[in-house]
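Numbering (the numbering used here), first residue to last: 98 to 800. Structure first, then comments.
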Amino acid sequence: MRKFTFVLVWLVLSIPCSAKIIYVDADATGANNGTSWADAYQHLGYALKNASSGDDIHVAQGIYRPSDGHVAIPDFDRRTTTFQLKSGVAVKGGYAGTGAADPDARDIELYKTILSGDLAGDDNGSDNISENSYRVVTGTNTDSTALLDGFVVTASCGERPDECGGLYNRPGSPKVVNCTFIDNWALYGYSGNAIYNRLGSPTITNCLINGSGRNNGIFNELGSLTISNCVFTRNRQSGIKSYGGSLILTNCLFGDNDWALFIDYCNPIIRNCTFSRNNIAIEYDGGATAALTSCIIWEHTEPFYAESVNYSCVQGSWDTGIGNITDNPQFVDAGNGNYRLLKDSPCINAGDPGYIHLPGERDLDGNPRVIDGRIDMGAYEFLGPRVIYVDDSATGNNDGTSWADAYNYLQDALMMASAGDEIRVGRGIYKPDQFVLSKRPNLGRMETFQLKNGVTINGGYAGFGAPDPNARHAWTYDTILSGDLKGDDVSLSDPCDMGTEPTRAENSLHVVTSSGTDHTAVLDGFHIIGGQADGTFPHSHGGGIHNFGGSPTVNWCSIQWNYASGGGGGMSSDGEPNIYCYFVRNSTGGSGGGLYVWHGNATLINCRFSQNSAGWGGGGLAIQTASATVTGSTFSTNTAGTNGGGMCCDGGTYTLADCIFRYNSAEWGGALWNIDCTVGRWDNPVVSDCRFYNNEATNGGGM
Numbered sequence: 098m099r100k101f102t103f104v105l106v107w108l109v110l111s112i113p114c115s116a117k118i119i120y121v122d123a124d125a126t127g128a129n130n131g132t133s134w135a136d137a138y139q140h141l142g143y144a145l146k147n148a149s150s151g152d153d154i155h156v157a158q159g160i161y162r163p164s165d166g167h168v169a170i171p172d173f174d175r176r177t178t179t180f181q182l183k184s185g186v187a188v189k190g191g192y193a194g195t196g197a198a199d200p201d202a203r204d205i206e207l208y209k210t211i212l213s214g215d216l217a218g219d220d221n222g223s224d225n226i227s228e229n230s231y232r233v234v235t236g237t238n239t240d241s242t243a244l245l246d247g248f249v250v251t252a253s254c255g256e257r258p259d260e261c262g263g264l265y266n267r268p269g270s271p272k273v274v275n276c277t278f279i280d281n282w283a284l285y286g287y288s289g290n291a292i293y294n295r296l297g298s299p300t301i302t303n304c305l306i307n308g309s310g311r312n313n314g315i316f317n318e319l320g321s322l323t324i325s326n327c328v329f330t331r332n333r334q335s336g337i338k339s340y341g342g343s344l345i346l347t348n349c350l351f352g353d354n355d356w357a358l359f360i361d362y363c364n365p366i367i368r369n370c371t372f373s374r375n376n377i378a379i380e381y382d383g384g385a386t387a388a389l390t391s392c393i394i395w396e397h398t399e400p401f402y403a404e405s406v407n408y409s410c411v412q413g414s415w416d417t418g419i420g421n422i423t424d425n426p427q428f429v430d431a432g433n434g435n436y437r438l439l440k441d442s443p444c445i446n447a448g449d450p451g452y453i454h455l456p457g458e459r460d461l462d463g464n465p466r467v468i469d470g471r472i473d474m475g476a477y478e479f480l481g482p483r484v485i486y487v488d489d490s491a492t493g494n495n496d497g498t499s500w501a502d503a504y505n506y507l508q509d510a511l512m513m514a515s516a517g518d519e520i521r522v523g524r525g526i527y528k529p530d531q532f533v534l535s536k537r538p539n540l541g542r543m544e545t546f547q548l549k550n551g552v553t554i555n556g557g558y559a560g561f562g563a564p565d566p567n568a569r570h571a572w573t574y575d576t577i578l579s580g581d582l583k584g585d586d587v588s589l590s591d592p593c594d595m596g597t598e599p600t601r602a603e604n605s606l607h608v609v610t611s612s613g614t615d616h617t618a619v620l621d622g623f624h625i626i627g628g629q630a631d632g633t634f635p636h637s638h639g640g641g642i643h644n645f646g647g648s649p650t651v652n653w654c655s656i657q658w659n660y661a662s663g664g665g666g667g668m669s670s671d672g673e674p675n676i677y678c679y680f681v682r683n684s685t686g687g688s689g690g691g692l693y694v695w696h697g698n699a700t701l702i703n704c705r706f707s708q709n710s711a712g713w714g715g716g717g718l719a720i721q722t723a724s725a726t727v728t729g730s731t732f733s734t735n736t737a738g739t740n741g742g743g744m745c746c747d748g749g750t751y752t753l754a755d756c757i758f759r760y761n762s763a764e765w766g767g768a769l770w771n772i773d774c775t776v777g778r779w780d781n782p783v784v785s786d787c788r789f790y791n792n793e794a795t796n797g798g799g800m
């Protein structure tokens, strides 16, 4: 009997409580008991209090404060409230939540879930922060089974750096994954901390640590930190400050910090990290040393030093170690925070040849860590030429790797693209001021789609949701690049009215810019509309496409309903572009309603200029102190206030072959008008196999 009783008790004690999902949604209006999205807890604190080991807490998009739900108690300091993590409990943000078609849909970028210490909801940068929580999230006394995944953690504030943090660990060992820490502060000139760790051993993966002020990213005291695939940027004083303990960094990026690392009595191990555009890469104190392998250290204000550096790219010179180089790493666009490698980078296949990557190991982009048998230097592995997908209706991971996971915004794809890449864009409307990946300020009307050398941008795809998403036809699957940033442009019957139409006042000055490009920058298969170049020079030229000193290839594009006050309503060009496009219903107050070629040499093949207008000359095309070769093109129903309804040339030259001019009108030269075309270095214009009919002018109907 005793044996039976013992076994029964053992069985009862060994069966754990059933693990469950606890739901949290600030907008839920049900029973507030966490059993479903409809009955979700409104406050995350309630869910944490009632969670047991093995539970998952799913948190919907919204803002959650540690003080939410607390009853007002006299003399109680609300600043001490915090979200206390628990061992065995996973807290996950980024859910669509109540009211969504699929409340379980999870996307941490789309459904931002914010844990905020701004208890009064009145923060203005570093102002009005004195009442904020000391610690937004606390991981103290947890082990590695505690998980925080998919949150924005912000607005902690304390008097001293050792008492505050977006995440406070003293000690604790939680896992922190897919989180953004931003704007965590301290008073009286001290540095705040995104994460404070003392004597703990947390692991931090796939996180962004953004100080946006005078703050530290991570402040470690005598703890053991393991950090991988994280970005540290705009932290003042340091990305990571570590006093004692241990630090292992893998696949991390440190950019635009004061000190990337400040180490004191700590000997970090650093593998495959990129340090660039910080004031100081690593600052030492107390006999600390650092060992770096397969890293990039480039463009810092102060000289770099480390005890051990191997297979790394170091600006200046490095006499010790093996496998080091000093050549420019050739980042894609460091000025805009893109530290990926161009195809000619010396850092490709130049990392530690003996490095054995773990199964499934990924670089900072989530791509396979080793390609071609040898690891690259830095945080990003070069993938080679790739196809990047863009579709404004895609609902997947939005990482550009497929139609299902396409970027929603073309600007994000352009930011990520390198020479040799192709960008495929599904039908839809795309605007220059739409992006999520870049942390730079939005420039409003100055935003433009800047073409890149070596990058082909193809529109006209059926895209996400179509039976064949790769089906392509530019006129069937309209892919529109629009400068109508507010989406409020009214329809006009006369393109001459665009210059005074008030609904266009906020439109992009230039929808597309190709300045500084060569012929390998390709734009193919788009409708370009809504440009409004009504600023001061050069922003008075090229409403649709602005080309200053560039030589892009522009094919199968319809450039329509764009305006420029100075010239080139549809496009202005100072360079050597190759163009195969339709220019329709564009206008300018100056010359070149459709296209204004004012320096360089343009090549036009099978173009159509229709219903464009110019206040002065060249309703369709104007050439000034430039040359153009125009083949197989049609100029129809264009108008100019003075000269050359179809085309004018002032101080340049041209070759016309197999072209048609019909129903164009102007005061002088209904179809074509020339002046000073043989002056100086210009050869005589050549016109062959062209037809002129039904053009009108007060003087010279044809030319």
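Cβ atoms here follow ideal geometry from the backbone N, Cα and C, with glycine treated the same way.
- A direct Cα-Cα distance of roughly 17 Å separates Ala711 from His643.
- Counting only residues of its own chain and dropping the five nearest sequence neighbours on each side, Gly717 has a CB closer than 6 Å to the CB of Gly691, Phe706, Asn709, Phe732, Asn735, Gly743 and Met744.
- Rounded to the nearest whole angstrom, the C-alpha separation of Gly714 and Ala571 is 31 Å.
- As computed with DSSP, Val609 is found in a beta bridge with Phe546 and Ile642.
- Looking only at Asn290, Gly194, Ser515 and Asn376, the smallest Cα-Cα distance to Phe428 is reached by Ser515.
- According to DSSP, Cys304 shares a beta bridge with no other residue.
- Looking at the backbone, the Cα of Pro674 and that of Asp462 are separated by about 34 Å.
- Contact check for Ala388 against Ile379 fails: the beta carbons are separated by 8 Å or more.
- Across the structure, His607 and Ala661 are spaced so that their CA atoms are roughly 9 Å apart.
- Taking a contact to require three or more Cβ pairs closer than 8 Å, the segment 633-647 and the segment 611-620 qualify as touching.
- The DSSP-derived three-state label of Met744 is strand.
- DSSP, read as helix, strand or coil, puts Gln508 in helix.
- Within the segment 373-458, no alpha helix (DSSP H) run of at least 4 residues lies entirely inside it.
- With fewer than 16 other beta carbons inside 10 angstroms of its own, Ala568 counts as exposed.
- DSSP, read as helix, strand or coil, puts Cys276 in coil.
- Ile315 sits close to Ala291, with the two beta carbons spaced by under 8 Å.
- By the Cβ rule, the segment 752-762 counts as touching the segment 785-793, because three or more pairs are nearer than 8 Å.
- Under DSSP, Cys678 forms a beta bridge with Cys654.
- The beta carbons of Pro782 and Thr739 sit no closer together than 8 Å.
- The continuous beta strand (DSSP E) containing Ala699 extends over residues Leu692 to Ile702.
- Where Asn294 is concerned, the enclosing beta strand (DSSP E) starts and stops at Asn290 to Arg295.
- Per DSSP, Leu589 lies in no alpha helix (DSSP H) segment and is marked neither H nor E.
- Put simply, the segment 484-492 does not touch the segment 404-414. Fewer than three CB pairs are less than 8 Å apart.
- Under the three-state reduction of DSSP, Gly142 is assigned to helix.
- Linking Ala187 to Gly236 through their CA atoms gives a straight-line distance of about 12 Å.
- For Ser670, the enclosing beta strand (DSSP E) has its first and last residue at Met668 to Gly672.
- Boundaries cannot be given for Asn659, as no beta strand (DSSP E) includes it and DSSP labels it neither H nor E.
- Under DSSP, the beta-bridge partners assigned to Gln629 are Tyr660.
- Of all alpha-carbon atoms in Asp509, Asp671 and Pro564, the one lying nearest the alpha-carbon of Asn495 is that of Asp509.
- With a cutoff of 8 Å on beta-carbon distance, Ile472 and Asp449 are scored as near each other.
- Between Ile702 and Tyr677, the gap from beta carbon to beta carbon is short of 8 Å.
- For Pro465, the beta-bridge partners assigned by DSSP are Arg459.
- Secondary structure note for Ala148: it is in no beta strand (DSSP E), with a DSSP letter that is neither H nor E.
- According to the DSSP secondary-structure assignment, Val250 is paired through a beta bridge with Leu212 and Phe278.
- A straight-line Cα-Cα distance of about 20 Å links Phe680 and Arg524.
- Taking the C-beta atoms as reference points, Asn303 is found no nearer than 8 Å to Asn281.
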